[in-house]
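What follows is one structure encoded as structure tokens, with my remarks underneath.
Number of protein chains: 2
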Amino acid sequence: MTTVNALSEIAALMGDPARASMLSLLMDGRAHTASDLAHNAGITAQTASGHLARMVEADLLAARAQGRNRFYRLASPEVAHAIESLMALAGTRATPASKSAAWRRDPDLRFCRTCYDHLAGQVGIAVTDSLTRQGHLEPKGPRDWQLTPSGELFCGKLGVDLGAARQASTRHFARQCLDWSERRPHISGALGAAIADTFFRRGWAERLRRSRTVRLTDSGRRALGSHFGATV
Amino acid sequence: MTTVNALSEIAALMGDPARASMLSLLMDGRAHTASDLAHNAGITAQTASGHLARMVEADLLAARAQGRNRFYRLASPEVAHAIESLMALAGTRATPASKSAAWRRDPDLRFCRTCYDHLAGQVGIAVTDSLTRQGHLEPKGPRDWQLTPSGELFCGKLGVDLGAARQASTRHFARQCLDWSERRPHISGALGAAIADTFFRRGWAERLRRSRTVRLTDSGRRALGSHFGATV
DNA sequence: TCAATGGTTCGGCGGGCGCCGAAGCATCAC
DNA sequence: GTGATGCTTCGGCGCCCGCCGAACCATTGA
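From first to last, the protein sequence lines are chains X and G.
Using numbering that gives the first Met the number 0, the letters of the first sequence correspond one by one to residues 0 to 231.
Using numbering that gives the first Met the number 0, the letters of the second sequence correspond one by one to residues 0 to 231.
So this is what it looks like as structure tokens:
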């Protein structure tokens, strides 16, 4: 009885083309913004919002607010498993979320991308780790960092425009931003943006048009080694 | 794209309460008639027929005609697996088809029941096996048996009304009928009905009212041992 | 042959829900 | 502060699909 209703309710949630499209995109194991999911499903933001709310309510998805975006991801590996077994029935083999084909198909995106205006992916993490490891960055509160004196010097040498970064008084200066592909925080906020700007200005990295993917240039790779002590 | 559509189509099929109810019933791993499924889902036969046709079309179910009934079962273990993982998401743990709770909940039905007018379940199989093992019954064509001379004698001793059975000229005399709980054929047709009738007449078995379940009496158990050399 | 039973097909009704436009709220940048 | 952006809520439209009554077909048993 109640188990039958539960089955039909969960299945019905997955049974709508728009929601299935979102779930399918989320099978890459990463989190996506509401607008990203809406665009991908070919529906308007308000329609998507309703779908997402229902799936969160049913514990299919988990939501996390970050700035003015909301990131949605599959609530658990069990959800991915259920979707996978349904896809298997349809004759279309789906790979587990942890080893998603989409994930592997776009290793570049995982390697380096923009997250708003700062760097994310392996490169973003490498920069962040380097700064903390060398004592340039230290925790300040639960979701922020602050630049140490040595950090000030380091940024000055790199050419990071700290002055401009500090001017944006209403913006967080050195914020932690959870990296969805690496599952660890990278640096965002005004400082994160200034660092990314430095990478682009000095020709260490290039944005790929119509994509969040960022390509690390040869000089960028060398800079990562010499300035940050990191090999990626 | 196509994989997304496939996902939503399969999920949508399972997402209807009536269909989910049917699938849930079929999770016992056995086959059920169309009317059985319709009744269980609380819908009319014609509505159920449409649902069943769609699920067969999508390879969720397999159908098998038997007499004027149509038996439906899950098309594959994969289907059961997918349903199970959906139920798990709903927080309602479902057991695998092979060890279904429903199955265990009604061991009596599995032990002995009527299939139309003849015996099915473990008892039906025991009787059938005994007859073939003792050379009373031998294959005749792909779906029939015939009674050997020793079989004629044996039935006469038991009190099986062979004359009446042979009178029904339009009916198959000794037909194979696939037993859905034992997965092997038991004897049906006029002879099967006559044998069942003997069981009831001699007080070896009793029908339970409003159920296909048949109870084997103590004398029936003894008769199985003495006449059929079977212990159940 | 005829009646009974199980199953399916057809046609039309009705309700649920997926959709978007408009408006409202929060965050961010300046 | 003001404007821009991302997301949500609300209201109403439209369509899909699940439902049943009626009729039809197939098998069975007399």
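Don't be surprised by glycine CBs; every beta carbon is placed ideally from N, CA and C.
Keep in mind the model is a prediction, meaning the values are calculated, not measured.
task: Put X:HIS80 into one of helix, strand or coil per three-state DSSP.
output: In the structure shown, X:HIS80 falls within a helical segment according to DSSP collapsed to helix, strand and coil.
X:ASP107 (DSSP reduced to helix, strand or coil): helix
task: Find the residues of chain G that neighbour X:VAL3, judging by a C-beta separation of less than 8 Å, and give them in chain order.
output: Ordered by position in chain G, the residues that pass the 8 Å Cβ test against X:VAL3 are PRO16, ALA19, SER20 and SER23.
message: Taking contact to mean 3 or more Cβ pairs, one atom from each stretch, closer than 8 Å, check whether the stretch 108-127 of chain G and the stretch 183-202 of chain G are in contact.
response: yes
task: Anything in the stretch 69-84 of chain G with a Cβ closer than 8 Å to a Cβ of chain X? List those residues in chain order, please.
output: GLU77, VAL78, HIS80, ALA81, ILE82 and SER84
- prompt: For chain G, is any of its Cβ atoms less than 9 Å away from the one on X:ASP58?
  reply: Taking 9 Å as the threshold, the shortest C-beta distance from X:ASP58 to chain G falls below it.
field: Residue closest to G:SER75, alpha-carbon to alpha-carbon, out of G:LEU25, G:GLY14, G:ILE194 and G:ARG18
entry: G:LEU25
query: With 16 as the cutoff for other CB atoms within 10 Å, does G:ALA7 come out buried or exposed?
result: In the sequence under discussion, the amino acid at residue 7 of chain G is Ser, which differs from the Ala named in the question. By the neighbour-count rule (16 or more Cβ atoms within 10 Å), G:SER7 is buried.
message: For chain G, check one thing: does any of its Cβ atoms lie closer than 9 Å to the Cβ of X:ILE42?
response: no
field: Ordered list of alpha helix (DSSP H) runs contained in the stretch 158-223 of chain G, each at least 4 residues
entry: Complete alpha helix (DSSP H) runs here, min 4: 161-166 and 188-200.
- request: Look at the alpha carbon of G:ASP107 and the alpha carbon of X:ARG72, and state the distance between them as a whole number of angstroms.
  value: 47 Å
query: Along chain X, which residues have their Cβ under 7 Å away from the Cβ of G:MET54?
result: Under the 7 Å cutoff, chain X gives no residues; its nearest Cβ is about 11 Å from G:MET54.
task: Whole angstroms is fine: what's the gap from X:CYS154's alpha carbon to X:SER129's?
output: 13 Å
message: Is it buried or exposed, X:LEU12, if we count other Cβ atoms within 10 angstroms and call 16 or more buried?
response: buried
X:HIS135 - DSSP class collapsed to helix/strand/coil: coil
message: What would DSSP say about G:PRO113, mapped onto helix, strand or coil?
response: According to the sequence displayed, residue 113 of chain G carries Thr and not Pro. Residue state, collapsed to three classes: strand.
query: Is it buried or exposed for G:ALA64, if we count other Cβ within 10 angstroms and need 16 for buried?
result: exposed
- request: Give a yes or no on whether 9 Å exceeds the smallest Cβ distance from X:ALA47 to chain G.
  value: no
field: X:ALA89 in three-state terms, based on DSSP
entry: coil
query: Alpha carbon to alpha carbon, what distance is there between G:THR43 and X:ARG109?
result: 54 Å
field: Minimum C-alpha distance to G:ASP268 - residue among X:ALA89, X:LEU207, X:ASP35 and X:ALA33
entry: Here chain G comprises residues numbered 0 to 231, so residue 268 of chain G is not present and cannot be evaluated.
- prompt: Since G:ALA57 is in the beta strand (DSSP E), which residue starts that stretch and which ends it?
  reply: Careful: G:ALA57 lies outside any beta strand (DSSP E) and carries neither H nor E.
query: Excluding the five sequence neighbours on either side, which residues of its own chain have a C-beta within less than 7 Å of the C-beta of G:SER34, listed in chain order?
result: Closer than 7 Å at Cβ, skipping near neighbours: ALA44.
task: Work out the CA separation of X:GLY66 and X:LEU215 for me, nearest whole Å.
output: 26 Å
message: Just verifying my parser: in three-state terms, what is the DSSP assignment at G:ASP128?
response: helix
message: Considering only their Cβ atoms, is the gap separating G:TRP144 from G:LEU136 smaller than 9 Å?
response: yes
query: Would you report the Cα separation of X:ASN68 and X:ALA195, rounded to the nearest angstrom?
result: 20 Å
message: Within 10 Å of its beta-carbon, does X:GLY188 have 16 or more other beta-carbons around it, so buried, or fewer, so exposed?
response: buried
query: So X:ARG29 is in the alpha helix (DSSP H); what residue range does that whole segment cover?
result: No alpha helix (DSSP H) holds X:ARG29; DSSP gives it neither H nor E.
Cβ distance (whole Å) where X:ASN4 is taken to contact G:PRO16 below 8 Å: The pair is a contact, with the Cβ atoms about 7 Å apart (cut-off 8 Å).
message: Give me, in chain order, the residues of the same chain whose beta-carbon lies closer than 7 Å to that of G:SER20; leave out the 5 immediate sequence neighbours on both sides.
response: ASN39 and ALA40
- prompt: chain X partners of G:LEU51, CB-CB under 8 Å?
  reply: Within 8 Å Cβ-Cβ: nothing; G:LEU51 doesn't reach chain X, min ~16 Å.
task: Would you kindly report the start and end of the unbroken beta strand (DSSP E) that includes X:ARG72?
output: 68-73
query: Who are G:LEU36's beta bridge partners in DSSP?
result: Paired residues: none, contrary to the question.
task: Closer than 9 Å by beta-carbon distance: list the chain X residues that pair up with G:ALA87, in chain order.
output: Around G:ALA87, the beta-carbon contacts reaching into chain X at under 9 Å are GLU77, HIS80 and ALA81.
query: For X:THR131, which residues of its own chain have a beta-carbon under 8 Å away from its beta-carbon, when the five flanking residues on both sides are left out?
result: GLU137 and TRP144
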